[in-house]
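Worksheet: the structure to be examined is printed underneath.
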Amino acid sequence: MATNQTSIIGNKYYFRIINETFDDGVCFWTLRAVCKKSKKYSGINNLNSVLGQLIGDEGLDDVTGKYEDSLAWEVTKKEMKKFNRIAKSLVTSDSFLKYLEDKLGDDRSKGEWENVEL
C-alpha cells in the first residue's frame, strides 16, 4: 500500500488530502479537516458544499453509497487525480475557504467531531 498526503494550511483548519493506493490497484481518497485549536478532525468529502464541488451539482441526485462515507471513498486513479485537483483548488480559494471554515465550525459545534489527531 502506498499512502500520499498533501497538507494545506487554512485559517482555522489544516486540510489533508489523503490518497491510498493498494497493490491490486484499489484507491481510496479522503479530504480531512483538522481543527487547529482542538486537533479534532473529520472527513469532509461528504459535506454537501464539498461534495457538490467534487462530483458536480448535477451528480448530487445520483449519489450512491460510494459518496456517502466521510472516511474514504473507493475511487479510480483518474477520479483520485480529479478530486485532488478540485480539493486543492477549494481550500486555497480565499472566498471558498472562509465559507467552508464557517460550515466546519457549525458542524464541529454540534459535537460530531470526536477523532483527535496526534
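Each position in the sequence shown, counted from 1, maps to that position plus 7 in this note's numbering. Where is the CB? At the ideal position from N, CA and C, for every residue including glycine. Everything numeric in this text was worked out from a predicted model, so none of it was measured.
Residue range of the alpha helix (DSSP H) that residue i falls in?
| i | result |
| --- | --- |
| Y106 | D101 to S116 |
| L61 | N55 to I62 |
Leaving aside the five residues before and after residue i along the sequence, list all residues of the same chain whose C-beta is less than 7 Å from its C-beta, in chain order.
| i | result |
| --- | --- |
| Q60 | I93 and L97 |
Roughly how many angstroms lie between the CA atoms of residue i and residue j, to the nearest whole one?
| i | j | result |
| --- | --- | --- |
| K88 | T10 | 14 Å |
| C34 | E119 | 26 Å |
| S100 | D31 | 35 Å |
| K46 | E124 | 5 Å |
| V82 | W36 | 7 Å |
| L78 | N122 | 11 Å |
For residue i, which residues from the same chain have a beta carbon less than 8 Å from its beta carbon, with the 5 sequence-adjacent residues on both sides left out?
| i | result |
| --- | --- |
| K95 | T13, I15 and I24 |
| E75 | N53 |
| N18 | L104, K105 and E108 |
| K1 | Nothing can be reported for residue 1, as the shown portion of the chain is limited to 8 through 125. |
For residue i, which of helix, strand or coil comes out of DSSP?
| i | result |
| --- | --- |
| S96 | helix |
| K43 | coil |
Locate the beta strand (DSSP E) running through residue i, then write down its first and last residues.
| i | result |
| --- | --- |
| T32 | Rather than Thr, the amino acid found at residue 32 in this sequence is Gly. Note, G32: premise wrong, no beta strand (DSSP E); not H, not E. |
| A9 | A9 to I16 |
| W120 | Element bounds for W120: n/a, residue is neither H nor E. |
| E81 | W80 to V82 |
Looking only at its own chain, which residues have a Cβ that is under 6 Å from the Cβ of residue i, when we skip the five neighbours before and after it?
| i | result |
| --- | --- |
| I51 | L38, A40 and V57 |
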